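Participant: In this note's numbering, the protein residues as written are 85 to 538.
(1) Based on Cα-Cα distance, which residue from 425, 164, 215 lies nearest to residue 364?
(2) Counting C-beta neighbours from all protein chains within 10 Å, is the total for residue 402 16 or more, i.e. buried, or is it exposed?
(3) Just curious, the alpha helix (DSSP H) that residue 144 is in, first and last residue?
(4) Just verifying my parser: in three-state terms, what is the DSSP assignment at residue 498?
(5) Taking its Cβ as the centre, do 16 or more other Cβ atoms sit within 10 Å of residue 87, making it buried, or is it exposed?
(6) Closest to residue 126 by CA distance: which of 279, 304, 177 is it?
(7) Tell me the rounded alpha-carbon separation between residue 200 and residue 528.
(8) Check whether the Cβ atoms of residue 131 and residue 308 sit closer than 8 Å, and answer yes or no.
(9) Only counting the same chain, and skipping five residues up and downstream in sequence, which positions put a Cβ closer than 8 Å to that of residue 261?
(10) So the alpha helix (DSSP H) residue 353 belongs to, where does it begin and stop?
(11) Just the C-alpha distance for residue 380 and residue 145, rounded to the nearest angstrom, thanks.
(12) To the nearest angstrom, report how far apart residue 208 and residue 219 are at their CA atoms.
(13) Would you please state the rounded distance, in angstroms, between the beta carbons of residue 491 and residue 508? I believe it to be under 8 Å.
(14) Between residue 541 and residue 241, what straight-line distance do the alpha-carbon atoms span, to the nearest angstrom?
(15) Compare the C-alpha of residue 237 against each of 133, 467, 533 and name the closest.
(16) Only counting runs of 4 or more residues, tell me where the alpha helix (DSSP H) segments fall wholly within the segment 430 to 505, in order along the chain.
(17) Tell me the DSSP secondary structure of residue 243 in three-state form.
(18) Give every residue of the same chain whose Cβ lies closer than 8 Å to the Cβ of residue 282, excluding the five residues on either side of it in the sequence, and list them in chain order.
(19) What's the call for residue 249, buried or exposed, on a 16-neighbour Cβ count within 10 Å?
(20) If you reduce the DSSP assignment to three classes, tell me which class residue 192 lands in.
(21) From which residue to which residue does the alpha helix (DSSP H) around residue 260 run?
(22) Is it true that the CB of residue 444 sits closer than 8 Å to the CB of residue 406?
(23) According to DSSP, is residue 293 part of a helix, a strand, or is it coil?
(24) Please name the residue, chosen from 124, 123, 295, 376, that lies closest to residue 205 on a Cα-to-Cα basis.
(25) The alpha helix (DSSP H) that contains residue 423, what's its start and end?
(26) Please state if the CB of residue 225 and the CB of residue 143 are separated by a distance shorter than 8 Å.
(27) Are there 16 or more other CB atoms within 10 angstroms of the CB of residue 534, so buried, or fewer, so exposed?
Following this line, the structure appears as C-alpha cells:
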C-alpha cells in the first residue's frame, strides 16, 4: 500500500535558523571552550576592519588632499607606513618578557586607536602652518604604525591559540566573507555621506563625523578584546636576547621558505601602488563612481567563491591552491595594461578576473604565517614574518618609484594600442607575479618532499 508523503514546509524562521547553524559550524566545536572565543574573534575582526576603513583608505587620502599634500608627501606616507612596520622585528624583545600579555596588548591598541582616530582627526584644526600640519600628520602616522608593529605579533599568537588547525580553514573563510561584506557596505554608506558633505563645501566635517562613528565602534572593539581569553603559555617565559631577533629566524630553514612566500607576494603586489589608479582617473578620465562600482564585484566574488577556495585548501594544503591562485591572478595585470582609449571594456574584465583569484590568495595567506612555525617563541617568528612582509612591500614601493622615474614620458604603440610607463609597469608586474606563483609551487613541492606542513 502506497502512502503519499507530504513535504515539510520550511518557514522563514526555520530557514534562517538553518542558515545560522551552518554559519555557526564554521567556528563552533561541541565541547571546545574556545568556540566562544572564536565568536568574539569574528566580531572583533569585523570591527577592526570597519574602523580601519573609516579612518584610512580613500578617506585618509581625502584628508591629506584637504591639507594640500602633494604626490611627494603621499609617497612619503606610504614609505613611513611600511618603514614603521619593520619594527615588528623587535616586538618579541618586549613581548616575550611577559607571561601574560593581554592587558598590555589592549592598552597598546587603545593608545594606537586614540592617535589614529582622535589626534589625526584634529590635526587639520590646529593653529599651525600647512607644512606644520603635514609634518605632524606624518609623525602621527609613524607612531600609529610603530605601535601596531609592536603589538601585532602578540595579537597573532594570542588569537591563533583559539583557532586550531581543524577549524582554521572554515574560520578564516567566514571571516574573509564577513569582512568583505561589512567593509563594502560601510564604505558605500560612508562615501555617500562624505560626498553629500563635500557638495555642501563641508568635506572636512564629513570626514570628522566618520571618525566619531569609528570612535563609537572602538568601545565595542575593546570590549570584544576583553572577552577573549588568553590561554596559558606552553613554553617557559624567558628573555629574548637582542641577537636572537637577528639570528634565530635565519636558522629555521623550513620556516624561511614560508617567509619567502609572503616576501614575494608583498613585494610584487605593491609595485603598482596608486599609479594605475592615477592612470585611470587622470589619463582615461574614468570616474571614482565607476571604479567603486567595479570594486563592488569583489564582495560578490568573496561570497560566491570563498566556499570553493575553502574546499580546495581543505582537500590539499595552504600552499598548493595559493600557488595556482597567484599564477592565475597574474594575467589580470596584462589585461589591465591593455586598457586604453577605445579599450575601456577591458578594465572591468581584468578587474573582475583579478577578484576571482584574489579570493583564493587572501584566504590562502590567512594560514601561511603558521606553516612550519617553530613551537617555541612564536611571537619572535610571527614578528619576523610580518617584518619581512613589510620589507618586501617597502622594496616593491621603492622599485615602482624608481621605475616610474626612469621611464617617465615613455610612449609607444603596440598593435594599435598606445602604451605609457604605467601600462609597461603593469605588464612587468604580470610576468613577475607569474614567476612568484611558480616559486610558491616549488616551495609546496619541497615541503611535501620533506614531509613538512604545506
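For every residue, glycine included, the Cβ atom is placed at its ideal position computed from N, Cα and C. Note that this is a predicted model, so its numbers are computed, not measured.
Facilitator: According to the structure shown:
(1) 425
(2) buried
(3) 141 to 150
(4) strand
(5) The predicted model places residue 87 with a pLDDT of 48, which falls under 50 and marks its position as unreliable; any figure quoted below should be read in that light. The residue is exposed, with fewer than 16 neighbouring Cβ atoms inside 10 Å.
(6) 304
(7) 39 Å
(8) Yes.
(9) 386, 387, 390
(10) 337 to 353
(11) One C-alpha to the other measures close to 20 Å.
(12) 12 Å
(13) 7 Å
(14) Coverage of the chain is limited to positions 85 through 538, which leaves residue 541 absent and any answer about it impossible.
(15) 467
(16) 430 to 452, 462 to 490
(17) helix
(18) 290
(19) The residue in question, residue 249, is exposed, as its Cβ has fewer than 16 Cβ neighbours within 10 Å.
(20) Looking at residue 192 - three-state DSSP - the assignment turns out to be helix.
(21) 249 to 283
(22) yes
(23) The three-state secondary structure of residue 293, taken from DSSP, is helix.
(24) 295
(25) If you look at residue 423, you'll find it isn't in any alpha helix (DSSP H); DSSP assigns it neither H nor E.
(26) Taking 8 Å as the Cβ cut-off, residue 143 and residue 225 do not qualify as a contacting pair.
(27) In summary, residue 534 is exposed, with fewer than 16 beta-carbon neighbours lying within 10 Å of its beta-carbon over all protein chains present.
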